[in-house]
Amino acid sequence: MLLQGLRYGPLPRHQLDLTLPPMPVAETPLVVFIHGGGWEEGSRGQYAFVARRLAALGMAVAVPDYRLWPQARWPDFIEDAALAVAWLHSAPDLPRGPLFVMGHSAGGFIAAALALDPRWLAAAGVPGARGALAGGILLAAPISWQPTDEPVVSIFAGAPDGRIEAAPDPATLAGAPPMLLLHGEADTIVGALHSRLLATALRANGRPVRLRLYEGVGHIGIMTGFVPGAGLLGLNTAPVVAEVRDFVRQVAA
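Throughout, the numbering used here is defined as the position within the sequence shown, counted from one, plus 103.
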């Protein structure tokens with residue numbers, strides 16, 4: 104079942120689509136998938152294939168739109184995603200199972216910020232703030248980066264030192280939920296070092312983290328596993344869907 108255009112806030116981009124599994128129950132896990140696009144493009148409808156794939160495995164999947172450059176810049180898109188999570192957490196008649204944030208590329212950064220930095224969900228009024236999250240799932244996510252190219256330099260001009268930092272205070276990692284980090288070794292847009300370093304930092308803070316690196320998989324290739332029949336089309340895929348399924352089931356159990 105697909106519920107389209109659910110409004111989670113007052114602005115035009117404050118809408119989300121919710122895909123439910125065939126037989127949802129109160130305990131059905133809810134995954135909030137945040138799309139990529141360099142913080143300047145992308146929309147929820149383009150990622151319906153991700154929602155359908157995960158819903159077929161028994162998850163409810165929300166895909167929100169959020170404000171984009173040039174109308175928005177840091178931290179507008181993080182605040183929008185936090186508002187979407189807050190709305191989903193409190194909306195009646197939605198699954199109340201374990202809540203996960205998930206994202207690819209720029210959306211992975213946003214999901215990482217929600218999971219690693221407690222201020223965003225707290226400011227959005229989520230009961231329990233970051234403690235409401237059962238886990239975070241990051242696909243090819245930039246975690247710590249000094250941008251040098253436009254428009255990303257301008258997008259993050261208001262951030263401390265103009266840096267992309269999902270967790271500007273390393274001390275906040277001690278309260279992070281369980282994390283699944285998936286990255287292609289052949290990613291030339293967001294290097295796998297981002298996921299490697301985050302996994303090391305999380306482990307140093309005693310947090311559960313699962314890191315999976317895929318040889319020969321690039322930045323977009325990390326997503327092709329969600330496309331039905333991708334292998335038959337000759338696309339280089341990775342077992343990303345199985346990893347997400349197993350992580351959600353393990354954490355939910």
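Glycine included, every Cβ here is placed at the ideal spot set by N, Cα and C.
Item to check | Closest by C-alpha distance to D252, when choosing among I325, G141 and Q149 | outcome: Minimum Cα distance to D252 is reached at G141.
Item to check | From E144, E143, T122 and V256, residue whose alpha carbon lies closest to that of V135 | outcome: The residue with the shortest Cα to Cα distance from V135 is T122.
Item to check | C-alpha distance - P254 paired with A129, whole-angstrom precision | outcome: Straight-line Cα distance between these residues: approximately 42 Å.
Next on the checklist: Looking at A218: is its Cβ nearer than 8 Å to the Cβ of P273?
Outcome noted: It is not a contact, given that the beta carbons lie outside the stated cut-off.
Item to check | Which of helix, strand or coil DSSP assigns to Q353 | outcome: It is helical.
Next on the checklist: Considering only their Cβ atoms, is the gap separating W223 from A269 smaller than 8 Å?
Outcome noted: No; because the gap between Cβ atoms is not below 8 Å, this pair is not in contact.
Item to check | Pick from H297, D179 and A307 that is closest to L114, judged by C-alpha positions | outcome: It is D179 whose Cα lies nearest to the Cα of L114.
Checklist entry - How should R233 be labelled, buried or exposed, when 16 other C-beta atoms within 10 angstroms of its C-beta is the threshold for buried? => result With 16 or more other Cβ atoms within 10 Å, it is buried.
Next on the checklist: Just verifying my parser: in three-state terms, what is the DSSP assignment at E182?
Outcome noted: If DSSP states are grouped into helix, strand and coil, E182 belongs with the helices.
Checklist entry - Counting pairs of Cβ atoms below 8 Å between the stretch 187-199 and the stretch 158-170, do you hit three or more? => result The stretch 187-199, when compared against the stretch 158-170, does touch it at the 8 Å Cβ threshold.
Checklist entry - A175 to E182, Cα distance in whole Å? => result Rounded to the nearest angstrom, the gap between the Cα atoms of A175 and E182 is 11 Å.
Checklist entry - Which ranges does the beta strand (DSSP E) cover as unbroken runs of at least 3 residues, wholly within the stretch 120-151, from first to last along the chain? => result Here the runs fully enclosed are 133-137.
Item to check | Bridge partners - R110, DSSP secondary structure assignment | outcome: BP columns for R110 point to Q118.
Checklist entry - Name the DSSP bridge partner or partners of M282? => result Looking at the DSSP assignment, M282 forms a beta bridge with G239 and V312.
Checklist entry - Which residues share a DSSP beta bridge with M326? => result M326 is bridged by DSSP to nothing; it lacks a bridge partner.
Next on the checklist: Just to confirm the assignment, what range does the alpha helix (DSSP H) spanning L300 have?
Outcome noted: Bounds of the alpha helix (DSSP H) holding L300 are L296 to A307.
Item to check | Cβ pair count under 8 Å reaching 3, the stretch 254-264 against the stretch 315-331 | outcome: The stretch 254-264 vs the stretch 315-331: no contact.
Checklist entry - Around the C-beta of V256, are 16 or more other C-beta atoms found within 10 angstroms, so that it is buried, or is it exposed? => result Exposed, because fewer than 16 other Cβ atoms sit within 10 Å of the Cβ of V256.
Checklist entry - Just the Cα atoms here: how many angstroms apart are L276 and L106? => result Taking C-alpha positions only, L276 is separated from L106 by approximately 34 Å.
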